[in-house]
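Numbered according to the UniProt record's numbering, the sequence shown spans residues 1 to 755. No residue lacks a Cβ here, since even glycine has one placed at the ideal position from N, Cα and C. Contents: one structure, followed by commentary.
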Amino acid sequence: MKQILYIFLLLSFYSTLLAQSINSDFEVKNIQLDEDIYALDHGTRGLLLVFEYKYSTPLKRLATVVPRVTLKKNGMGIYLDEKTILVLETNKWAKAQIFLPYRNINLLKGKHEEIELNLFAPKLLNYTTTFNYDQPLRYEVEMYLKDGSVKKQLSQYDKSSNPKEWLPDPYYIFTTNGGTEPLFQSKVVSNSYKFKPQKIQFYILEGEQLAWSFYDRDGGEDLKLGTYTKINPRGEYIDNVYGQMFGNIRNLEFTYAQRAQSHQAISIYSDPDYLHNGKKGVAITIEYDLAKAYVGKKAQIHLDCYTQNGVKLKQPILHPIEETPEMGSWMDLEVKGQLKYFIPFYAWENRCRDIEFYFELGNKQQVNAARHTLHSPIEFDEWVIDAGVDVAENFVFQGARGVRLGFHYELFNNHGNAPLHVNFYQEDGSKVPFSVYNIIGNELAVDVQGKHITNNPRLADHLYYFIPYANLNNEVIVVQADLVPDIAMNIIRKKTQPLSRILPKDDIFLDLVAAEGRFRADNYGQVLEMKLEVPKFFLDKTKFELDVRKNGRHSTAFLMGGILKSSDKDYILREDSGRVYIVFPHRNIVAGTRFSLVAFVSNIADNKGMSDTIRWEWKAPKDLFNRKVEVALTACKFSKRIMQDTLLDRAFPWSYIVEAGGETLVQEPLTKRMGSKKMKEQFRQEVLVNREDNIVVKLLNTKNKHTVVLWKGDLGKWEQNAFKAELANKYPAKMIRVLAKVDKDYKKNSDNGML
């Protein structure tokens with residue numbers, strides 16, 4: 001009966017083991033695995049793992065090592081256990097044995113190959129190998145303890161000063177064939193004559209005699225209360241036991257079921273010419289005839305396909321037909337039944353050679369069918385007549401240049417008008433990070449965000465997509481088209497050559513026409529004039545990027561005009577051509593101030609530059625011809641109509657305003673009656689202007705925004721008018737006079753900070 005399996009060739013195993021040691025202080029040699037060993041203490045057969053070890057440690061003795069043994073088949077764990085080894089003497093070779101009971105290995109009866117064994121000790125050893133062996137038949141035992149009690153007696157079961165603790169503390173264990181190692185042990189019920197109802201589950205081998213032993217937990221040696229052995233050791237059966245009395249146990253009542261863990265009568269049939277809802281494909285039929293022990297059990301359905309070399313394929317798309325439950329769902333097992341699933345031809349793997357089916361019970365137990373091997377490969381004809389991708393470079397669409405991708409196809413069948421998906425990927429498989437536009441005719445372009453879905457597609461069509469050169473920088477684009485009735489049916493997947501713009505940043509024209517000191521928009525200052533031409537395609541997709549620095553710091557000390565205004569916070573381009581003016585008013589600049597500007601056009605979607613970059617620097621000269629002017633309101637009388645309007649007594653709407661270059665330098669509220677003292681104190685202000693700035697003095701109705709101008713012109717013009725501005729008998733004024741005086745001694749250029 002005994003057969004020894006040597007894990008390694010004798011000439012090579014030792015060096016291999018050392019290479020897998022985690023700690024050089026722990027050495028292992030002469031590992032072997034004995035098959036079909038009977039362990040008296042376990043009362044069962046199994047595998048015996050034997051190895052020699054030496055633990056080099058300064059500890060004198062009584063160190064412990066806790067190796068863990070794991071078995072796997074096809075990556076699934078089928079056994080796991082830990083054993084504590086007491087190292088009686090360190091720094092010397094010793095032998096260790098670890099027993100692996102067959103009944104604890106979760107495999108069906110039969111020959112099993114390539115079982116992976118891993119021996120692992122934390123921080124000491126990690127060793128893996130494979131072996132083959134024959135697994136005997138296991139039986140699953142399921143019991144339900146309904147009732148039972150411990151016989152009452154005059155003497156106390158437990159010794160204690162507390163009478164409540166004199167009651168027994170019962171528990172029970174199951175062993176086989178006279179062994180001492182329990183294969184199941186219950187929890188202790190403290191101070192009770194009654195056993196709690198409990199579900200019990202474990203595995204045994206054919207012919208193993210069960211012993212159900214009951215004990216009273218004591219501080220010293222536990223008291224044996226009795227043993228029940230009237231359990232049939234052979235075959236499958238179900239029993240309902242009640243009223244059993246033995247030893248100190250009374251009224252033991254339980255149900256017992258013993259089921260063989262073996263292949264059941266399950267047959268698999270495949271039909272490669274099946275039609276379902278107009279689709280051709282493979283029908284998989286499963287017929288089963290199970291043991292009565294499985295009736296009423298809940299089970300999950302599993303079906304897998306394998307290649308000729310045993311490689312598991314991706315889970316196929318399975319459509320349940322003829323009232324069959326969904327794959328992976330739970331069902332109540334019957335003795336006999338039939339399941340039927342349909343795999344559409346486009347979901348069928350031509351590499352499939354074997355089909356595996358099994359029921360999985362709630363305790364992870366599997367009820368397997370023998371694998372179904374196809375007599376001949378099932379392969380389906382091509383369903384695509386023609387498909388291709390063409391690339392047109394330097395393509396112009398709505399004034400923008402780029403690449404046009406064309407995708408054409410012709411199909412035998414569109415499979416119930418299944419949607420057509422056209423995806424655009426990068427070479428690494430990730431989604432393209434830029435916009436791709438589906439173009440229809442010369443006008444319509446829709447950003448498909450890297451994925452274009454066409455519902456109810458034609459059997460043949462030609463679709464076009466546009467990518468501006470602004471998005472491309474030596475990009476390889478993968479075009480993939482699929483028809484998707486439920487899973488993707490691939491029509492084509494093709495890579496383009498690397499794509500890039502023809503000329504650098506020529507998508508949008510931006511040029512600096514002039515940068516000089518001149519008059520613009522009522523201001524004299526440094527004026528930058530830029531010419532901007534935007535193809536129609538890029539309108540609302542691009543924006544003007546502007547970075548102004550004043551002495552190295554970000555600044556908004558400028559005015560903007562042309563097709564963009566200072567009030568346009570986002571600077572999105574909505575006109576296809578025109579001029580952009582940037583004005584730096586001299587009145588706000590101190591001599592020696594340094595300004596710099598960087599301007600370009602970017603794509604809103606990805607912030608990529610789409611034009612040449614304008615760069616400009618300027619240092620303010622010593623004399624900017626700025627002047628300090630005192631402006632004074634010396635007379636202010638309103639018309640009779642205003643004076644008689646009593647509604648204006650509480651909220652007088654008129655204000656006095658002084659502007660330079662459109663910038664408000666003074667704004668003061670007026671009243672019906674303006675005394676000379678108030679005007680002298682409140683309406684005499686000094687302002688800083690440039691001699692070329694347009695100066696405006698006006699009245700403003702803050703309610704209806706009506707404006708009355710007293711004066712407009714530069715300092716030279718005002719000087720010609722003796723720095724006087726008068727308004728008489730014009731609504732709302734009867735007489736208003738403003739005088740100005742220039743500080744002739746002012747030479748310092750000051751920054752009033754308004755911009």
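Across the structure, residue 494 and residue 384 are spaced so that their CA atoms are roughly 15 angstroms apart.
In the three-state scheme derived from DSSP, where H, G and I count as helix and E and B as strand, residue 362 is classed as coil. Put simply, the stretch 328 to 348 does not touch the stretch 245 to 255. Fewer than three CB pairs are less than 8 angstroms apart. In the three-state reduction of the DSSP assignment, residue 293 falls in the helix class. Note: residue 603 is bridge-paired with 542 in the DSSP secondary-structure output.
One thing to note: residue 44 has its Cβ within 8 angstroms of the Cβ of residue 102. The criterion of a C-beta distance shorter than 8 angstroms is satisfied by residue 510 and residue 612. In the displayed model, residue 586 falls within a helix according to three-state DSSP.
Counting only the Cα atoms, residue 419 lies some 15 angstroms from residue 492. Comparing C-alpha distances from residue 625 to each of 671, 716, 305 and 606 shows the shortest one belongs to 716. Per DSSP, the continuous beta strand (DSSP E) segment holding residue 267 begins and ends at 265 to 276.
Look at residue 44 here: in three-state DSSP terms it is strand. For residue 467, there is no enclosing alpha helix (DSSP H); the enclosing beta strand (DSSP E) has its first and last residue at 460 to 468. The beta carbon of residue 432 lies closer than 8 angstroms to those of 424, 425, 426, 450, 475 and 477 in the same chain, with the five residues before and after it left out.
In the DSSP assignment, residue 481 is bridged to 422 and 492. In the DSSP assignment, residue 93 falls outside any alpha helix (DSSP H) and lies within the beta strand (DSSP E) extending over 93 to 101. Counting only unbroken stretches of 3 or more residues, the beta strand (DSSP E) elements lying wholly within the stretch 700 to 729 are 707 to 713, in sequence order.
The residue from 142, 120, 144 and 167 with its alpha-carbon nearest to that of residue 151 is 167. Our two residues, residue 657 and residue 665, have alpha carbons roughly 8 angstroms apart in a direct line.
As for any alpha helix (DSSP H) of minimum length 4 sitting wholly inside the stretch 293 to 340, there is none. Residue 246 sits in a strand when the DSSP states are folded into three classes. Per DSSP, residue 497 is not a residue of any alpha helix (DSSP H), being assigned neither H nor E. Counting every other CB atom within 10 Å of its CB across the protein chains shown gives residue 348 a total of 16 or more, marking it as buried. Rounded to whole angstroms, residue 131 and residue 184 show a C-alpha spacing of 29 angstroms.
The three-state reading of DSSP puts residue 567 in coil, since its state is none of H, G, I, E or B. Rounded to the nearest whole angstrom, the C-alpha separation of residue 643 and residue 732 is 10 angstroms.
As the crow flies, the alpha-carbon of residue 106 is around 25 angstroms from that of residue 308.
Per DSSP, residue 680 is one residue of the alpha helix (DSSP H) stretching across 676 to 682. Residue range 626 to 638 is occupied by the beta strand (DSSP E) that includes residue 637, with no alpha helix (DSSP H) assigned at that position. Beyond the five residues adjoining it in sequence on each side, residue 545 comes within less than 6 angstroms, by CB distance, of 600 and 602 in the same chain, given in chain order. Short of 8 angstroms from the beta carbon of residue 64, and not among the five residues preceding or following it, lie these beta carbons of its own chain, in chain order: 84, 85, 86 and 87. A Cβ-Cβ distance of about 6 angstroms is found for the pair residue 587 and residue 688, placing them in contact under the 8 angstroms criterion.
Straight-line measurement puts the Cα of residue 518 at about 35 angstroms from the Cα of residue 670. Per the DSSP secondary-structure output, residue 669 pairs in a beta bridge with 655.
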